[in-house]
Every structure is written in C-alpha cells, then in structure tokens.
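See structure below.
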Amino acid sequence: MIKLIATDMDGTLLNNNNEIHHDFIDVFEKLQEKDIIFAAASGRQYFNLLKRFEDVKDKMMFIAENGTIVVYKGEEIFINSLDRNIAKELVNIGRNIENSNVILCGKNSAYIESTDEEFIKEVEKYYEKYEVVKDVNEIEDDILKVTICDFNGAQENSNKYYDDYREDLQVSISGKIWLDITNKGANKGMAIKAFQEKMGIDFNETMVFGDYLNDLEMMEAAYHSYAMENAHDDLKKVSRFIAKSNDDNGVLEAIKLNIL
Numbered sequence: 001m002i003k004l005i006a007t008d009m010d011g012t013l014l015n016n017n018n019e020i021h022h023d024f025i026d027v028f029e030k031l032q033e034k035d036i037i038f039a040a041a042s043g044r045q046y047f048n049l050l051k052r053f054e055d056v057k058d059k060m061m062f063i064a065e066n067g068t069i070v071v072y073k074g075e076e077i078f079i080n081s082l083d084r085n086i087a088k089e090l091v092n093i094g095r096n097i098e099n100s101n102v103i104l105c106g107k108n109s110a111y112i113e114s115t116d117e118e119f120i121k122e123v124e125k126y127y128e129k130y131e132v133v134k135d136v137n138e139i140e141d142d143i144l145k146v147t148i149c150d151f152n153g154a155q156e157n158s159n160k161y162y163d164d165y166r167e168d169l170q171v172s173i174s175g176k177i178w179l180d181i182t183n184k185g186a187n188k189g190m191a192i193k194a195f196q197e198k199m200g201i202d203f204n205e206t207m208v209f210g211d212y213l214n215d216l217e218m219m220e221a222a223y224h225s226y227a228m229e230n231a232h233d234d235l236k237k238v239s240r241f242i243a244k245s246n247d248d249n250g251v252l253e254a255i256k257l258n259i260l
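Be aware that the sequence shown starts at 1, since it is given in UniProt numbering, and climbs by one per residue.
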C-alpha cells in the first residue's frame, strides 16, 4: 500500500513544454480519497511550486530547493540552511566561473547580481521571487543553497570548481546548466526520509519519480523508485523501475497503472 508519492518536476512531471498534464487534478483527487500524500520534490523555489499547484497547494507536500525546505499543507516541517560564511566562499568561487552566474537561494527570495537577459530568462523559469542586488553576500536571509547557472554545462564545467567542498557539503548536478550546493545531507532523499519518520511511513509505502542526478538520493528513499525513460543513465542504474518519458506523461501513467 502506497502512502507517499514524491515526484521531481522538470523532465519528470513536467513535459518538455513546461506543462503538467491535464489529467493531474483528477489523479490528485483520487489519491486524496485514498489518503495518499502527494509531494513535488524539486530544485525549484518553494514559491514557484506554490504557483504551479495553486489549486491544491493546501493539500500537498513541497520539497523545495533540493530538499532544504519542506512544507506540508502550508506548515513548514523543516529547513536546512547554509552557514553564511560558507555561502560567501561558494559565491566568490562562482563569480569567477566562465559563462556562469550565481543565485543565492534564500528562504524569502532568490538573489542575483546579473541582469543578463539569457540568465534572467532561466531564473524566471524556476524562481517566482527574486531580487537583483549589488552584492548577494550582503543579503540578510536564511540561505538554503547556492546555485550556479552554468551555460557551459554544469557537469563538465562548474562542477569541478567545488571539488574541495564535496566532503563537507552536498554538490549536486540538478540539470544541464544547474549546479546546487547545500549542506551535507540536504537533498530530496534525506527530506523524504525525515518526513517518513515524522509521519510513520515505511520505505515500502513510498513511490518516487525522477530524471536527473539530484534525484539519486530520492531513489534510495523508496522501494517504488522510478527513473523516467528520458532520465540520466546513472539514475536509471539505481532505480527499480522505469516510467514512460515525461513527454508521455510517465508519472501519472505509472500512478494510474499501479495505484488507481
């Protein structure tokens, strides 16, 4: 019996046109009737997720900013913030990476220093609230993560600049141009495990869906672990099942086939 379903957004629940399938509300309501908790687990900002699920936000669970903040039915369950001095170090490195921009992800807003048009276009896809400031290191906010938007490719380029931090921090490639850096253990998988413990939900009662490397830990938090057909090969290796691609509505199809 499934009690918790958590899905990534980009490349997973969302199709390649950034859309949620029109079947979603019907599936969500049927899950509610079965008392199954549905969670969006994403590197996206919490406020961005709220907007995407406006009609059902008060009934959902949100694992935002790659697991650094968890909210269920409007109540903040926990927050895992970065040390400010560490965040400054990460920002200063990011400023010097070629063809990249830094996003300081706070609890109340995201903060950026560049007004480059291409960069702003990417920011607005994932951050509902953001501010352009002179120096992100001067911001007073709980810092959830430092993100690098790397137009040269996160895996090949900016990822290597943070090798010295891997032992103490979580460095996650969350997309082709995205690198997220959080506290060690601050990831979607740990967020799910903490929620399972709080709610008395078992590993075998959990279903998860993902497509990229920031979903690796999430696959380890559930027996019913699904990589999308379009997923990164490394994610497919650690998942138990394969769902249809995001453009083929793989998440909802798997839920309908196995639960509803």
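Even glycine gets a Cβ: it sits at the ideal position worked out from N, Cα and C.
- Following the DSSP letters along the chain, one finds VAL171 inside the beta strand (DSSP E) bounded by residues 169–175.
- A direct Cα-Cα distance of roughly 31 Å separates GLU131 from GLU167.
- With a 10 Å radius around the Cβ and a threshold of 16 neighbouring Cβ atoms, GLY43 comes out buried.
- In this structure, ASP150 sits away from ASN66, with a CB-CB distance that is not shorter than 8 Å.
- Spanning the alpha carbons of TYR46 and ILE201 requires a straight line of approximately 23 Å.
- With contacts defined as CB atoms closer than 8 Å, PHE78 and VAL56 fail to qualify as a contacting pair.
- For ASN187, no alpha helix (DSSP H) run applies, since DSSP gives it neither H nor E.
- Closest by C-alpha distance to ARG84, out of ILE37, GLU138 and GLU118, is GLU138.
- In the structure shown, ALA254 adopts helical secondary structure according to DSSP, grouped into three states.
- With a 10 Å radius around the Cβ and a threshold of 16 neighbouring Cβ atoms, HIS232 comes out buried.
- Straight through space, the alpha carbons of ASP180 and ALA41 are spaced by roughly 14 Å.
- Per DSSP, GLY210 lies in no alpha helix (DSSP H); the unbroken beta strand (DSSP E) holding it starts and ends at 206–210.
- Proximity of the region 222–242 to the region 109–122 falls short of the contact definition, fewer than three beta-carbon pairs being nearer than 8 Å.
- Residue environment for GLY106: buried (at least 16 other C-beta atoms within 10 angstroms of its C-beta).
- Annotated as distal: VAL71 and ALA191, with beta-carbon spacing of 8 Å or more.
- Taking the CA atoms as reference points, LEU257 sits about 37 Å from ASN183.
- In terms of CA proximity to LEU260, GLN32 leads the group SER172, GLN32, ASN18 and ILE120.
- ILE148 is the residue among ASP141, LYS193 and ILE148 whose C-alpha sits nearest the C-alpha of SER172.
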